[in-house]
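One structure is given below, encoded as structure tokens.
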Amino acid sequence: MRQYDPSEIEPKWQRTWEEEALYRASDAPDDPRPRFYALDMFPYPSGDLHLGHAEAFSGGDAVARFAWMRGHNVLHPIGWDGFGLPAENAAIKRGIHPKEWTYANIDQQRRSFKRMGMSFDWTRQFNTCGPEYYRWTQWLFLKLFERGLAYRRLAPTNWCPKDQTVLANEQVINGACERCGTPVVRKDLVQWFFKITDYAQRLLDDVDDLADWPERVITMQRNWIGRSEGAQVDFEIAETGDRVEVFTTRPDTLWGVTFLAFAPEHPLVTKLAEAGGAAGAATELIDRLQATPLTNREQAESREGVNLGVHAVNPVNGEKVACFVAPYVLLEYGTGAVMGVPAHDQRDFEFAREHGLPIRVVIAPEDTELDPDAMTEAWPHEGAMVTSGPFDGTPSPESIEAVTAWLEEQGKGRHAVTYRLRDWLISRQRYWGAPIPIVHCPDCGEVAVPADELPVLLPDDVDFRPGGESPLARHPSFATTTCPNCGREDARRDTDTMDTFVDSSWYFFRYCSPQEAGQPFDPEKVAAWMPVSQYTGGVEHAILHLLYSRFFTKALHDMGLVPFREPFLRLINQGQVIYGGASMSKSKGNLVEAMPLVERWGSDTLRLTILFAGPFEDDIDWKLIAPDPNRRPGVNSWLGRVHAAVFEAAAAGGDGEPVELRRLTHRTIKGVTEDLERFRFNVAISKLMVLSNEMRSALDAGGGALPAAEALTLLLAPFAPYLAEELWREPLGHDTSVHLASWPSFDPEVVREETVTLVVQVDGKVRDTIEVGADTSSEDCERLARESDKVQRVLAGRGVARVVVRPPRLVNLVTG
RNA sequence: GCCGGGGUGGUGGAACGGCAGACACGAUGCCCUCAAAAGGCAUUGGGCUUCGGCCCGUGAGGGUUCGAAUCCCUCCCCCGGCACCA
Numbered sequence: 062m063r064q065y066d067p068s069e070i071e072p073k074w075q076r077t078w079e080e081e082a083l084y085r086a087s088d089a090p091d092d093p094r095p096r097f098y099a100l101d102m103f104p105y106p107s108g109d110l111h112l113g114h115a116e117a118f119s120g121g122d123a124v125a126r127f128a129w130m131r132g133h134n135v136l137h138p139i140g141w142d143g144f145g146l147p148a149e150n151a152a153i154k155r156g157i158h159p160k161e162w163t164y165a166n167i168d169q170q171r172r173s174f175k176r177m178g179m180s181f182d183w184t185r186q187f188n189t190c191g192p193e194y195y196r197w198t199q200w201l202f203l204k205l206f207e208r209g210l211a212y213r214r215l216a217p218t219n220w221c222p223k224d225q226t227v228l229a230n231e232q233v234i235n236g237a238c239e240r241c242g243t244p245v246v247r248k249d250l251v252q253w254f255f256k257i258t259d260y261a262q263r264l265l266d267d268v269d270d271l272a273d274w275p276e277r278v279i280t281m282q283r284n285w286i287g288r289s290e291g292a293q294v295d296f297e298i299a300e301t302g303d304r305v306e307v308f309t310t311r312p313d314t315l316w317g318v319t320f321l322a323f324a325p326e327h328p329l330v331t332k333l334a335e336a337g338g339a340a341g342a343a344t345e346l347i348d349r350l351q352a353t354p355l356t357n358r359e360q361a362e363s364r365e366g367v368n369l370g371v372h373a374v375n376p377v378n379g380e381k382v383a384c385f386v387a388p389y390v391l392l393e394y395g396t397g398a399v400m401g402v403p404a405h406d407q408r409d410f411e412f413a414r415e416h417g418l419p420i421r422v423v424i425a426p427e428d429t430e431l432d433p434d435a436m437t438e439a440w441p442h443e444g445a446m447v448t449s450g451p452f453d454g455t456p457s458p459e460s461i462e463a464v465t466a467w468l469e470e471q472g473k474g475r476h477a478v479t480y481r482l483r484d485w486l487i488s489r490q491r492y493w494g495a496p497i498p499i500v501h502c503p504d505c506g507e508v509a510v511p512a513d514e515l516p517v518l519l520p521d522d523v524d525f526r527p528g529g530e531s532p533l534a535r536h537p538s539f540a541t542t543t544c545p546n547c548g549r550e551d552a553r554r555d556t557d558t559m560d561t562f563v564d565s566s567w568y569f570f571r572y573c574s575p576q577e578a579g580q581p582f583d584p585e586k587v588a589a590w591m592p593v594s595q596y597t598g599g600v601e602h603a604i605l606h607l608l609y610s611r612f613f614t615k616a617l618h619d620m621g622l623v624p625f626r627e628p629f630l631r632l633i634n635q636g637q638v639i640y641g642g643a644s645m646s647k648s649k650g651n652l653v654e655a656m657p658l659v660e661r662w663g664s665d666t667l668r669l670t671i672l673f674a675g676p677f678e679d680d681i682d683w684k685l686i687a688p689d690p691n692r693r694p695g696v697n698s699w700l701g702r703v704h705a706a707v708f709e710a711a712a713a714g715g716d717g718e719p720v721e722l723r724r725l726t727h728r729t730i731k732g733v734t735e736d737l738e739r740f741r742f743n744v745a746i747s748k749l750m751v752l753s754n755e756m757r758s759a760l761d762a763g764g765g766a767l768p769a770a771e772a773l774t775l776l777l778a779p780f781a782p783y784l785a786e787e788l789w790r791e792p793l794g795h796d797t798s799v800h801l802a803s804w805p806s807f808d809p810e811v812v813r814e815e816t817v818t819l820v821v822q823v824d825g826k827v828r829d830t831i832e833v834g835a836d837t838s839s840e841d842c843e844r845l846a847r848e849s850d851k852v853q854r855v856l857a858g859r860g861v862a863r864v865v866v867r868p869p870r871l872v873n874l875v876t877g
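The number in the numbering used here is simply the position in the first sequence, starting from 1, with 61 added.
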């Protein structure tokens, strides 16, 4: 028998698996096996695999292999999210082309995944920066455009004056550019948006169907969509006759309105300031805010404001109240104007105190009396309406509905729902992305590039360094084109590219028919494979990618292209691998690469180390798990013992296998199966350790252990695929792969224990344990308990007032 | 502030309301070795012990129960998300 040597057996089986084309999903319609789509979030090719990849894909691979062995027809694909800013940054830094950098990383990651023995269907790989893929990204953009779900409008953005580019909100750290530290400024640009807000309610409602999603992800999606329900109320400006809508969740406080406040960008502000004679002060405030980055604006908490000098008429009582422009009012939310109710809203309260505005109590708390002059903060809670005309005495929350109904009757307002969710800004003034397939014609406006002219190819010869406009606009010929509609020769292509999140919003459809040349995906194949059975990936995508993908799926559903409304039925978020309490990153220099560990100890050891370290969904601190990189990992030693024990068991055969080992084997099969169904990899592995220990003991005692060794090898296959294959084919002598073998089943009769440990308690404290038959009756349990010497001693003659018996495991004698 | 998830030995973590700490890591002692690495064996929650055992112990405090890490209430702390959201 040889020593366990992963450096020999792992490459050997890697080659064999490749030759035998082991992991191919079958599209055959008559394939009787149930289909299972095991999807791992595809990687961004920004370097070689690190421990974060090892964690995610070790878990995802275990899920896929388990499904294979349980007789499923498994689709377990891999691809690359190839476009994006990191490639541009790296390319600029190294003086090479983003394409070169990206493809080199893809090659490297592909080699590493193969070295780790991932059970991917390699015939289905693609990457999103290939023209055969982004052609269909562009096609899908046009489908959304056709349906009015892609549109262009002027929007405020964060602009870095040094890098000369727009930044996403996530790329602005404390008001400064994350790349160069320059404070960003606000710049209004015409940008493309996807109208995800049309789907806000459905995205919210259907969350209820996602029963197998982590609670935290569902909560994050709900928070992000941010639905609030209330009323829209119409105010009129007394001096100009303009109508102003405000949104409120508390229409029951309408009688307490003492002012109206507008966002600085509100379209009426300039006009009203002029009408009220406050143009100078208002303009000063607005100009100052224009220069303030959006992200800083939202953090400012001043209660400054300028009185516009005009008055709004409160529709419920005809009162005239002052109008202000105030930075605390956001244009993007609600209607961009709010009614000020200082007594019952903290921000309005602070604003009123700052500007000497009246505070009027219109909601009475149950147990206290509110005195406007003595109040130190607003009373935002429920209570009965007072000083509110016809509604005096109406308690909340019914009052809200009652007032809303009344507003509708009176034609002064209506029930309204507002969302925090904004439309998705997808324009990027960057090079390394899919070009937006639109032509701008002086006569026809925005014209879709005809489908048969797709893809709009991303040219290679572009100076992609940041320079104040989209790099494609600087290309000598890219933008120059004729209008597909009228043939005008001075039309121009759109020179922006799409956000990379567009690419990743539909890649899981493409895997179902990756070579499809005439459409983005084959609807029949998508209908056969999807929705995804199990999606594995990091929680950092809890909102963006998962929300966008859900939106795409719903839009495609509405187009009649897919028969389902949700793409991912079950979702699991693996935890992060951190180091010394901090997240790993290249810039911190604490990123641990996976392949050196694979070379040193083997892929199986790395997988097991990670999966055994703790619950799959929890973070792993690598510094705690592997404090000394030169020390042999514990699971590597264990695999060595398993290797030796299975060889010995094969030689010893099955005769004379102890009954205890047989029972433990069946219980382990049961337990590991249940654990795998619930992603409890760490617990499953611990059970395999217990079984191998018991096997060792049986062998040392001269007994047989072959059935246990066979079962152990099969159960090990999802976690340590190479060693399992080696043991299955060599000492155990099978001539086909362990990964094509059937998952073992257990015999419930064997699992059932013959003897159990009866716990005997006195007053709830354990005083004795007795081995008894599994079918011992209540009467016998109680008798055995009472007869126990230890129990007698503790009782010391005291009487037993009550007996609780749970045969055959527990007797509790209560002395009362 | 609102929402979600947590708090168990030196460490990672186990535990259908029924023997808390499975399985590991680390540590200590011993064996093997010229030595080291590797490997093997033993011990390892705290305190007491007449060596039979006894007491305490799952963030804190209450409660339900024959019995609570587990269920309920109050509080503290940690992590994540959202947040001038009207």
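Think of the CB as a built atom: it goes at the ideal place given N, C-alpha and C, for glycine as much as any other residue.
Taken in chain order, the whole beta strand (DSSP E) runs of length 3 or more contained in the segment 577-659 are 595-599, 632-635 and 638-640. Beyond the five residues adjoining it in sequence on each side, GLU718 comes within less than 8 Å, by CB distance, of ALA759, GLY764, GLY765, ALA766, LEU767, PRO768 and ALA769 in the same chain, given in chain order. Under the three-state reduction of DSSP output, PRO694 falls in the coil class, being neither helix nor strand. Annotated three-state conformation of ASN150 is helix, per DSSP.
The shortest C-alpha to C-alpha distance from HIS111 to any of ARG491, MET177 and ALA89 is the one to MET177. Using a 10 angstroms sphere on the CB of LEU215, the tally of other CB atoms stays under 16, which defines it as exposed. DSSP, reduced to helix, strand and coil, places ILE497 outside both helices and strands of the structure shown, so it counts as coil.
Around the beta carbon of GLU832, fewer than 16 other beta carbons lie within 10 angstroms, which makes this residue exposed.
In terms of Cα proximity to ALA435, the closest of GLU738, ARG421 and HIS442 is ARG421. With contacts defined by Cβ atoms closer than 8 Å, ALA398 and VAL246 do not form a contacting pair. In the DSSP assignment, the residues bridged to ASP101 are THR597. Straight through space, the alpha carbons of ASP513 and ALA211 are spaced by roughly 20 Å.
Taking ALA125 as the centre and dropping the five residues before and after it, the same chain places the C-beta of ALA99, VAL135, HIS137 and SER180 closer than 6 Å to its C-beta, in chain order. Per DSSP, the beta bridge partners of GLY506 are CYS502. VAL866 is not a Cβ neighbour of SER849, given a cutoff of 8 Å. Within the segment 110-140, the beta strand (DSSP E) runs of at least 3 residues that lie entirely inside it are, in chain order, 134-136. Cβ atoms of LYS473 and ASP270 stay farther apart than 8 Å, at about 38 Å. In the three-state scheme derived from DSSP, where H, G and I count as helix and E and B as strand, CYS842 is classed as helix. The beta-bridge partner set that DSSP reports for THR830 consists of VAL820. For ASN873, the uninterrupted beta strand (DSSP E) segment begins and ends at 871-875. For LEU346, the CB contacts under 6 Å within the same chain, skipping 5 residues up- and downstream, are VAL367 in chain order. The C-alpha of ARG723 lies about 10 Å from the C-alpha of MET756. Judged by pairs of C-beta atoms under 8 Å, the segment 315-330 touches the segment 391-405, as three or more such pairs exist. The DSSP assignment places 261-266 and 276-286 as complete runs of the alpha helix (DSSP H) inside the segment 259-331, in order along the chain (cut-off: 4 residues). Taking 8 Å as the upper bound for CB-CB distance, ALA509 and LEU203 are in contact here, some 5 Å apart.
One alpha carbon belongs to THR198, the other to LEU775, and they sit about 42 Å apart. Between the segment 725-736 and the segment 807-818, the count of C-beta pairs closer than 8 Å reaches three or more; the two stretches touch.
Contact between the segment 603-616 and the segment 635-652 is absent: fewer than three C-beta pairs spanning the two stretches fall below 8 Å. If you compare the alpha carbons of ARG549, TYR609 and PRO690 with that of PRO657, the shortest gap goes to PRO690. Taking ASP564 as reference, the option from HIS114, PHE103, ARG263 and LEU431 with the minimal CA-CA separation is PHE103. About 6 Å separates the beta carbons of VAL447 and VAL423, which is inside the 8 Å limit, making them a contact pair.
Closest in C-alpha terms to VAL852, from the list GLU791, LEU486, VAL872 and SER574, comes VAL872.
In its chain, beyond the 5 residues on either side, PHE181 and GLN186 have a beta carbon closer than 6 Å to the beta carbon of ILE139.
ARG554 is a Cβ neighbour of VAL500, given a cutoff of 8 Å. Annotated three-state conformation of SER806 is coil, per DSSP. Here the alpha carbons of PHE673 and THR218 stand approximately 46 Å from one another.
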